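I have placed the structure first, in the form of structure tokens, so that the comments after it can refer back to it.
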Amino acid sequence: MSPALGKDLLGLESLSADDIRLILDTAEPFKEISERAIKKVPVLRGKTIVNLFFEPSTRTRISFEFAEKRLSADTVNVASPGSSVLKGETLVDTARNLEAMRIDMVVIRHGSSGAAKFLADRIQSNVINAGDGKHEHPTQGLLDLLTIRDRRPIEGAKVCVVGDVLHSRVARSNIWGLLKLGARVAVCGPRSLLPLGIGELGVRVFRRIEEAIEWADVLNVLRLQLERMQAGYVPSLREYYRVFGVTLERLARAPRELLILHPGPMNRGVEIDSRVADGPHSVILDQVTNGVAVRMAALYLLAGGRPELAEAAKGGGDR
Amino acid sequence: MIRGGRVIDPAAERDAIADLLIMDGSVAAVGPSLGTPDGAEVLDATGLVVAPGFVDLHVHLREPGREDVETIATGARAAVAGGFTSVCAMPNTDPVTDNQAAVGFIVSQAQRAGAARVYPIAAVSLGQQGERLAEFGELVSAGAVAVSDDGRPVATAHLMRTALEYAMTFGIPVIDHCEESTLSAGGAMHEGLTATRLGLKGIPRAAEDVIVARDIALAELTGGHLHLAHISTAGAARMIREAKARGVQVTAEVTPHHLALTDACCEEYNTNAKMNPPLRERGDVDAVRAALADGTIDCIATDHAPHHYDAKEAEFDDAPFGVIGLETALGVVVSELVDTGQLSLPELVRRLSTRPAEVAHLPGGTLVPGAPADVVVFDPAAAWVVDPSAFFSKSRNTPFAGRALRGRVRWTLVGGAVVHRAGDARRGA
Chain X
54 MSPALGKDLL GLESLSADDI RLILDTAEPF KEISERAIKK VPVLRGKTIV
104 NLFFEPSTRT RISFEFAEKR LSADTVNVAS PGSSVLKGET LVDTARNLEA
154 MRIDMVVIRH GSSGAAKFLA DRIQSNVINA GDGKHEHPTQ GLLDLLTIRD
204 RRPIEGAKVC VVGDVLHSRV ARSNIWGLLK LGARVAVCGP RSLLPLGIGE
254 LGVRVFRRIE EAIEWADVLN VLRLQLERMQ AGYVPSLREY YRVFGVTLER
304 LARAPRELLI LHPGPMNRGV EIDSRVADGP HSVILDQVTN GVAVRMAALY
354 LLAGGRPELA EAAKGGGDR
Chain P
24 MIRGGRVIDP AAERDAIADL LIMDGSVAAV GPSLGTPDGA EVLDATGLVV
74 APGFVDLHVH LREPGREDVE TIATGARAAV AGGFTSVCAM PNTDPVTDNQ
124 AAVGFIVSQA QRAGAARVYP IAAVSLGQQG ERLAEFGELV SAGAVAVSDD
174 GRPVATAHLM RTALEYAMTF GIPVIDHCEE STLSAGGAMH EGLTATRLGL
224 KGIPRAAEDV IVARDIALAE LTGGHLHLAH ISTAGAARMI REAKARGVQV
274 TAEVTPHHLA LTDACCEEYN TNAKMNPPLR ERGDVDAVRA ALADGTIDCI
324 ATDHAPHHYD AKEAEFDDAP FGVIGLETAL GVVVSELVDT GQLSLPELVR
374 RLSTRPAEVA HLPGGTLVPG APADVVVFDP AAAWVVDPSA FFSKSRNTPF
424 AGRALRGRVR WTLVGGAVVH RAGDARRGA
């Protein structure tokens, strides 16, 4: 257990600004490992990690798996088809079984808000939340912060989260992380997809995307889940693109150049114009690269790694 | 003979130190310095309150169907431990209490239990499916005292109208679980800032208010007796106040947890703070307290809803709604409302005994000579800490575990027999 971060990484709401900076700073030296010909250091050699994914996920699971493997951990993936959940086993029983196998860490993705904490409260292993329901997705929030920080200071930056904030764990982790690091934060989307009381968290609310673009330095554009239409939150994808789509034409009228983030996977032509996604202001692929570094940093710190030794650790020496 | 207690009987406008003489299961006399007949048992109630036994219009006893979490016998025993001498059992059991035989089963199980009196509430619609009215006439003749589709709302405005009208023949209230299902669908807690932070789908106040408004309009149309269960919002309290001022036949209840707690209790995904309607915000708590104090809300009912610990030991979204309340109600209400000066002890007795008995036309609720000797003797100053493992209920799902409370039952009498004494331990405990 690391005194630096505690046992688990469950969300950014409960972290201090210093905790968040620590993870971002620790990620910096890890970035370089992924650029090497041999992308592997022995930092987590002998540690066993279970990636427990109760929801389908490709990029987050792969990103964690690369981070783990590049740190030399032994990993097991448990994905929801074929997992015991479908056989009716409760999360309590899953937790007890994992505990009995003496693993070191669990990375959990789950459809219910609070599931990561539920697991963390019941096992001694470190738990990293890889997304719990509509609650938080802390490593995504961290990689977004790192990506913004690569380009400009976060303090004072005006960042607008655009789209389905109501159902988004990415939005919540972004809001907490950005506010703690001194950014000014706004949300923009159809009122039916913004949660009640969101303004009380200290964020501005824009009704129109044009107003958000005029105000912001950074847009973090959320994926619009197609099932939101079926549930009647928005009438159609076409209408959504027309009213809320981040298009080249809208960005052209911005008073300053915007940085464009998207947590992926994108619906091109729904929430974002392909010309924007592929354009010069998009840092969407940088986010993916940074995702691996941030997850390496989180794994390293939770495993008890000392932040000041991260640079030395990646050189291959003993910790 | 209960000697020297502060006898509070709002129905008789009595609040004085007096003796209470019980003979043959009924109150024989009330007054200062009564003589004790030879051989009579004497309970010394000096410094204690003597009141008509509490009446709970809203409990779930889970039998038949879920005898693993509560039975009529354990529920009735938990009731008297909390000072309740009568409880009304909701019909959402498995199978549903929607026929004469099912009502008769509850009556006979309660008689065998020999603790609190248990009055069945029957379903409004067959199987609580919201389609065809149940046979109120047969249900009432078998012992039902009210009808309700509790657990869900009466499905359509038309069915509610018909139920209110048809119930008038039998003089019974229609008890209404106010929840507009399309607004509450998928919700796990009150819709507000806490739900937003926790990433849980909210149940807006409007889900309750829409049905309260609908059914007040239908009570006004029909002249039927509408009883609104577990009121949780400021808006509902306001509408009930206005309806009563217009003379609409509407009564209402509120639970101890909605009087005491807010949605902040759901922090940390505490599934023992998950119930329906959900815990609301401070403004709602203040509003339902004010409504209880001014009589807009007639009574306190527990909505005692036992669940197995396995079911509550789950992700918040997956955990069932409901908390138990029979054994904590008095302590919570004394600590939160009486000790804070918001409710006097006579008003507490009115809300826990007098009014609920009147609303459902039950015997009891008063200690005038001739009334059944259903009596609670409690110490409003007794301090205790809630320990769920000591409950008589089979279940432990309370949001008040570990809480320090004041106000505890000393004796409970049903029909003149002492059925609970402080210090009694659960069998097997």
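These protein sequence lines map, in sequence, to chains X and P.
Per the working numbering, residue 54 is the first one in the first sequence, and the count goes up by one each step.
Per the working numbering, residue 24 is the first one in the second sequence, and the count goes up by one each step.
Just so you know, even glycine gets a beta-carbon here, dropped at the ideal spot from N, CA and C.
Keep in mind the model is a prediction, meaning the values are calculated, not measured.
Can you have a look at residue 416 of chain P and say buried or exposed, based on whether 16 or more other CB atoms are within 10 angstroms of its CB?
-> buried
Could you tell me whether any Cβ in chain X is nearer than 8 Å to the Cβ of residue 332 of chain P?
-> no
Measure the beta-carbon distance from residue 106 of chain P to residue 68 of chain P and round it to whole angstroms, keeping in mind my assumption that it falls under 8 Å.
-> With a Cβ gap of about 14 Å, residue 106 of chain P and residue 68 of chain P do not count as contacting.
Please go through the same chain and pick out, in chain order, the residues whose beta-carbon is closer than 7 Å to the beta-carbon of residue 164 of chain X, but skip the five residues on each side of it.
-> 107, 108, 186
Which whole-angstrom value is the C-beta distance of residue 226 of chain P and residue 301 of chain P, which I expect to be below 8 Å?
-> 5 Å
Chain P contacts made by the segment 140-161 of chain X, where a contact means CB separation under 7 Å = 143, 144, 145
Answer with buried or exposed for residue 329 of chain P, where buried requires no fewer than 16 other C-beta atoms within 10 angstroms of its C-beta.
-> buried
List the endpoints of the continuous alpha helix (DSSP H) containing residue 117 of chain X.
-> 112-123
Determine the chain P residues that contact residue 187 of chain X at a beta-carbon separation under 8 Å, and present them in chain order.
-> 222, 223, 224
Proximal residues of chain X, C-beta to C-beta of residue 219 of chain P below 7 Å | 248, 249, 250, 251
Give the single residue among P:195, P:346, P:127, P:136 whose Cα lies nearest to the Cα of residue 92 of chain P.
-> P:346
Does any residue of chain X bring its CB to less than 8 Å from the CB of residue 142 of chain P?
-> no
Report, in whole angstroms, the separation of the C-beta atoms of residue 162 of chain P and residue 126 of chain P, which I expect to be a contact under 8 Å.
-> 6 Å
Does the distance from the CB of residue 30 of chain P to the CB of residue 39 of chain P come in under 8 Å?
-> yes
Partner residues on chain X for residue 336 of chain P, Cβ-Cβ distance less than 8 Å | 143, 145
Quick one: is residue 232 of chain P near chain X, going by C-beta distance under 8 Å?
-> no
Comparing the CB of residue 225 of chain P with every heavy atom of the ligand ADP, is any distance shorter than 7 Å?
-> Ligands are entirely absent from the displayed structure, and the ligand ADP is therefore not among its contents.
Can you check DSSP and say which residues form a bridge with residue 130 of chain X?
-> X:104
Do you know whose CA, among P:86, P:382, P:401, lies nearest residue 318 of chain P's CA?
-> P:382
Span of the beta strand (DSSP E) around residue 40 of chain P = 37-46
Considering only residues of the same chain and omitting the five flanking positions on each side of residue 300 of chain X, which have a CB-CB separation below 6 Å?
-> 326
Work out the CA separation of residue 120 of chain X and residue 96 of chain X for me, nearest whole Å.
-> 11 Å
Exposed or buried, what is residue 310 of chain X when buried is set at 16 or more other beta-carbons lying within 10 Å of its beta-carbon?
-> exposed
Applying the criterion that 16 or more other CB atoms from any shown protein chain within 10 Å of the CB defines a buried residue, is residue 69 of chain X buried or exposed?
-> exposed
Residue 180 of chain X vs residue 61 of chain X beta-carbon contact at 8 Å | yes
Min CB distance residue 214 of chain P to chain X below 8 Å = yes
State yes or no: is the beta carbon of residue 415 of chain P nearer than 8 Å to at least one beta carbon in chain X?
-> no
Per DSSP, what kind of secondary structure is residue 83 of chain X in: helix, strand or coil?
-> helix
Cα separation between residue 43 of chain P and residue 76 of chain P?
-> 14 Å
Neighbourhood of residue 56 of chain P by C-beta, 6 Å cutoff - its chain only, sequence neighbours within 5 removed | none
Residues that DSSP places opposite residue 73 of chain P in a beta bridge = P:30, P:400
Under 8 Å by beta carbon: chain P residues contacting residue 67 of chain X | Per Cβ cutoff of 8 Å: no residues; residue 67 of chain X is ~11 Å from chain P at best.
Name the one or two DSSP bridge partners that residue 131 of chain P has.
-> DSSP, once it has assigned bridges, lists no residue as partnering residue 131 of chain P.
Could you check the C-alpha separation between residue 280 of chain P and residue 352 of chain P for me, to the nearest Å?
-> 8 Å
Local conformation of residue 257 of chain X per DSSP, three classes | strand
Straight-line gap, residue 277 of chain X to residue 160 of chain X (C-alpha atoms, nearest Å) | 25 Å
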